[in-house]
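Undergrad: Pasting in a structure now, in structure tokens, and then I'll have a few things to ask.
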Amino acid sequence: MMGVLSTGIAIAVGAFVLALVIGMTVRAVRAGPGRRLRAAFSPLMSSLEVHQELHTGQKGLQESVIETIQEQSTHPSRTDRDPTRN
Numbered sequence: 001m002m003g004v005l006s007t008g009i010a011i012a013v014g015a016f017v018l019a020l021v022i023g024m025t026v027r028a029v030r031a032g033p034g035r036r037l038r039a040a041f042s043p044l045m046s047s048l049e050v051h052q053e054l055h056t057g058q059k060g061l062q063e064s065v066i067e068t069i070q071e072q073s074t075h076p077s078r079t080d081r082d083p084t085r086n
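Okay, so the sequence shown: first residue is 1 according to the numbering used here, each after it adds one.
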């Protein structure tokens with residue numbers, strides 16, 4: 001009984017990994033030159049970032065970048081001043 005259960009779990013895990021590999025391969029083939037790795041690994045990296053956000057409670061990289069851009073657009077830095085003014 002235990003051998004059948006572990007074999008079933010191994011088959012399910014193997015099918016899941018195979019589906020991931022096939023999906024990543026299809027995304028890489030369909031992507032344009034120079035963007036293949038990003039296209040292939042983007043969903044995996046995105047899911048890992050969400051996993052990290054849920055476990056640490058901190059913002060992810062994409063959310064932090066968006067927040068920083070919004071802050072910079074409302075509060076320009078000293079280097080963004082008008083060069084004609086002193």
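Glycine residues also receive a C-beta, built at the ideal position from the N, C-alpha and C atoms. Please read all numbers here as calculations on a predicted model, not as lab measurements.
Mind reading off the beta-carbon distance from A39 to A31? Whole number of angstroms is fine, and I expect it under 8 Å.
TA: Yes, A39 and A31 are in contact; Cβ-Cβ is about 3 Å, under 8 Å.
Undergrad: Hey, quick one: how far does the alpha helix (DSSP H) through P33 stretch, first residue to last?
TA: P33: not part of any alpha helix (DSSP H); DSSP gives it neither H nor E.
Undergrad: Counting pairs of beta carbons, one from the stretch 37-52 and one from the stretch 9-25, are three or more of them closer than 8 Å?
TA: yes
Undergrad: Looking at the structure shown, is G23 part of a helix, part of a strand, or coil, going by DSSP?
TA: For G23, the secondary structure class from DSSP, reduced to helix, strand or coil, is helix.
Undergrad: Helix, strand or coil for G8? Go by DSSP, reduced to three states.
TA: helix
Undergrad: Go through its chain and collect everything with a Cβ distance to V50's Cβ below 8 Å, but skip five positions before and after it.
TA: Cβ within range, chain order: G60.
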